[in-house]
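J.:
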Amino acid sequence: MSTLNTLTAHNAVTAIPAADSAAALAHFQASLQFETDCSDVSAALASGTPGFVLLDVRSPALFEQGHVPGALNLPHGKIVASKLAGYPQDTLFVTYCAGPHCNGAARGALRLAQLGRPVKLMIGGITGWLDEGLTLVHTTPAA
Numbered sequence: 001m002s003t004l005n006t007l008t009a010h011n012a013v014t015a016i017p018a019a020d021s022a023a024a025l026a027h028f029q030a031s032l033q034f035e036t037d038c039s040d041v042s043a044a045l046a047s048g049t050p051g052f053v054l055l056d057v058r059s060p061a062l063f064e065q066g067h068v069p070g071a072l073n074l075p076h077g078k079i080v081a082s083k084l085a086g087y088p089q090d091t092l093f094v095t096y097c098a099g100p101h102c103n104g105a106a107r108g109a110l111r112l113a114q115l116g117r118p119v120k121l122m123i124g125g126i127t128g129w130l131d132e133g134l135t136l137v138h139t140t141p142a143a
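Start counting the sequence shown at 1; every next residue gets the next number (UniProt numbering).
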């Protein structure tokens, strides 16, 4: 297929024109205010001073089966002001759940935002973390 044919092809991708570069810049810049990815979280954690608190918003049982090193377990349904009282108001929280098939991270992020807390969602969750070749920590249930 020639370059000209590639540029004039009509299909599901080209049926709706792409946004101009200014609109694309605004969109993608805005999206990064709300989300981060597993690789960036891993690098920040490895630095020793990540600048955020990582919250695994799944159940305690799933947390024990495997979680991101350094994450705290706070299920999204239990995110309340009293659980966050030990953190300064401007503390950035990053939420994650099982993966793209789970909306727990979004629910947790929503709850944090409702409480006036800065928040980002780690896209991919546990699935994305493992896809990046990163390892999980497994904990033993408390006696």
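Ideal Cβ placement from N, Cα and C applies to all residues, glycine included.
(1) Leaving out five residues before and five after residue 145 in sequence, what residues of the same chain have Cβ atoms less than 7 Å from its Cβ?
(2) Alpha carbon to alpha carbon, what distance is there between Val-68 and Asp-131?
(3) Between the C-alpha atoms of Leu-55 and Thr-91, what's the straight-line distance to the nearest angstrom?
(4) How long is the line joining the alpha carbons of Ala-60 and Thr-36, rounded to whole angstroms?
(5) Can you have a look at Val-119 and say buried or exposed, based on whether 16 or more other CB atoms are within 10 angstroms of its CB?
(6) By how many angstroms is the C-alpha of Gly-48 removed from the C-alpha of Pro-17?
(7) I need the straight-line Cα distance from Arg-107 to Lys-83, nearest angstrom please.
(8) What residues are listed by DSSP as bridge partners for residue 144?
(9) Provide the residue(s) that pair with His-67 in DSSP beta bridges, ordered along the chain.
(10) Taking DSSP as the reference, what is the three-state secondary structure of Val-94?
T.: Taking the structure as given:
(1) What is shown of the chain runs 1 to 143, which leaves residue 145 out entirely.
(2) In a straight line, the C-alpha of Asp-131 is about 13 Å away from that of Val-68.
(3) When the Cα atoms are used, Leu-55 and Thr-91 turn out to be separated by approximately 12 Å.
(4) Note on residue identity: the sequence assigns Pro, not Ala, to residue 60. When rounded, the distance between both Cα atoms is 23 Å.
(5) Val-119 is buried by the Cβ-count criterion.
(6) 44 Å
(7) 16 Å
(8) Here the chain has residues from 1 to 143 only, and residue 144 is not among them.
(9) Val-137
(10) strand
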